[in-house]
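Beneath this line is the structure, given in structure tokens, with notes to follow.
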Amino acid sequence: MASAAAESPRVAILTRPAGRNEALAARLREAGWLPCILPALEIRALPAASQMLPRPADYDMVVFVSGNAARQYLDQWTQADGPSAWPAGVIAATVGPASAQALRESDSFGANTTVLHPSESAPSHDSEALWDVLQGLPRLPARVLLVRGTQGRDWLGDKLEAHGAAVTRHAAYQRHPAAWDAGQLERLRRWADAGLRATWLITSGEGADAVRARLDEAGLAAWWAGCGFVLTHPSLARRVPAACHDAGAPAMVKICLPNDESIFQAFVAA
């Protein structure tokens with residue numbers, strides 16, 4: 001007779017911002033998972049007065065810390081100056097192939113625009129991996145625009161400054177905890193009451209904190225402590241519960257690169 005655990009659905013809770021989860025959810029559903037799209041954070045564009053917006057032509061390199069940073073900054077630039085081509089000779093750089101794709105999809109980028117980023121096969125897609133790429137340049141760019149949100153790590157900016165670059169930091173968006181409605185919370189409570197161990201996708205420290213706060217408010221902290229996690233950076237492990245499991249149980253945490261293929265494989269292995 002099959003055990004209750006074996007009969008329980010495998011629940012994947014996908015917490016990336018709205019619009020980023022649908023393709024992964026469809027693939028997980030085909031693989032037998034029950035996907036739940038539940039964004040942890042809401043991305044809000046920041047207005048930028050035309051006279052205050054830093055232009056790429058004034059820099060040797062523009063670094064985008066994420067696909068959101070790329071999309072929001074390019075929107076700001078278009079609103080300020082109208083459709084514009086990326087200036088020749090200005091390097092664009094991102095932390096990984098996914099955020100590089102957000103640039104290449106823009107009308108501002110031609111086929112010959114240089115976009116530096118860690119390769120698909122790099123061990124990680126983060127600031128440290130991009131720094132490794134930048135160290136391969138003949139010389140570091142002297143003037144760097146770093147496009148980011150209002151919060152986040154400043155490791156790369158500090159590293160560039162320590163090596164002599166003049167770094168301008170520009171916030172193109174804010175991230176706020178997303179609101180979950182009563183129906184979404186009730187669904188989580190049903191799973192908790194049934195003893196179902198869900199697997200959460202966590203892609204940022206702010207996202208982890210927002211999820212934990214929502215679950216604390218809903219009285220679901222104990223359930224969260226027993227869930228599994230797919231994380232897109234090793235540093236996120238300290239933002240999720242460290243629970244003990246039986247020796248024969250699957251590992252609580254899987255760490256993978258921040259692209260759909262790697263995330264999917266991590267869920268399959270969870």
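According to UniProt numbering, the stretch in the sequence shown is residues 1 to 270, in order.
Note that CB positions come from ideal geometry on N, CA and C, so glycine has one too.
What you are looking at is a predicted structure, and each value in this text was computed from that prediction instead of being measured.
Output needed for residue i: all residues of its chain with C-beta closer than 6 Å, excluding positions within five of it in sequence on either side, in chain order.
| i | result |
| --- | --- |
| T94 | F64, A100, H117 |
| P87 | P56, A57 |
| residue 355 | An answer regarding residue 355 cannot be provided, because it is not within the stretch 1 to 270 covered by the chain. |
| A247 | Low confidence applies here, because A247 scores a pLDDT of 42, under 50, leaving its location unreliable; read the following figure in that light. Cβ within range, chain order: n/a, list empty. |
| R16 | T203 |
| C244 | With a pLDDT of 44 at C244, under the threshold of 50, the modelled position of that residue is not reliable, and the figure given next carries that caveat. Hits under 6 Å: none found. |
| E120 | P97 |
| A249 | Bear in mind that a pLDDT of 42 at A249, under 50, signals an unreliable position, so the number given afterwards is only what the model happens to contain. No residues qualify anywhere along the chain. |
Would you mind stating whether residue i and residue j have Cβ atoms separated by less than 8 Å?
| i | j | result |
| --- | --- | --- |
| A129 | V90 | no |
| H176 | E22 | no |
| L145 | P54 | yes |
| Q184 | L38 | yes |
| L74 | S106 | yes |
| A166 | A40 | no |
| R71 | A102 | yes |
| A12 | T199 | yes |
| L220 | R189 | yes |
With distance defined between alpha-carbon atoms, name the residue in the options nearest to residue i.
| i | options | result |
| --- | --- | --- |
| L34 | G157, W191, G67, H233 | W191 |
| R197 | R187, W180, G226, E217 | G226 |
| P123 | A270, F267, T232, R238 | T232 |
| A210 | C256, A12, W180, D193 | W180 |
| M52 | A171, P241, P234 | A171 |
| E161 | L220, A182, W131 | W131 |
| S66 | E30, S127, G195, E217 | S127 |
Check the C-beta distance from residue i over to residue j and give it rounded, since I have them as a contact under 8 Å.
| i | j | result |
| --- | --- | --- |
| A92 | T114 | 7 Å |
| L28 | F264 | 7 Å |
| R10 | Y173 | Actually they do not touch by this definition, with Cβ atoms about 33 Å apart. |
| H125 | P258 | 6 Å |
Only counting the same chain, and skipping five residues up and downstream in sequence, which positions put a Cβ closer than 7 Å to that of residue i?
| i | result |
| --- | --- |
| R212 | W224 |
| L236 | I202, G205, A208 |
| E261 | none |
| A269 | K254 |
| R169 | L146, R148, G157 |
| Q76 | A48, L53, A172 |
| A24 | Residue identity differs from the one stated: residue 24 is Leu in this sequence, not Ala. Excluding residues within five positions, the ones whose Cβ falls inside 7 Å are L14, D260, I263, F264. |
| R153 | S127 |
| P83 | D107 |
Taking DSSP as the reference, what is the three-state secondary structure of residue i?
| i | result |
| --- | --- |
| W224 | helix |
| residue 276 | The shown model of the chain, from 1 to 270, leaves out residue 276, and the question about it has no answer. |
| E42 | strand |
| T15 | coil |
| R10 | strand |
| L74 | helix |
| V133 | helix |
| V253 | strand |
| L103 | helix |
| D246 | Annotation note: pLDDT 41 at D246 (below 50); position unreliable, coordinate value reported separately. DSSP places D246 in coil when its eight states are reduced to three. |
Taking 7 Å as the line, does the beta carbon of residue i fall inside it for any heavy atom of the ligand NAD?
| i | result |
| --- | --- |
| E30 | Of ligands this structure carries none, so the ligand NAD is not represented either. |
Report all residues from its chain with a CB closer than 8 Å to the CB of residue i; omit the five preceding and five following residues, and keep chain order.
| i | result |
| --- | --- |
| C256 | V230, L231, T232, S262, I263, Q265, A266 |
| A69 | S99, V147, R148, G149, A172, Y173 |
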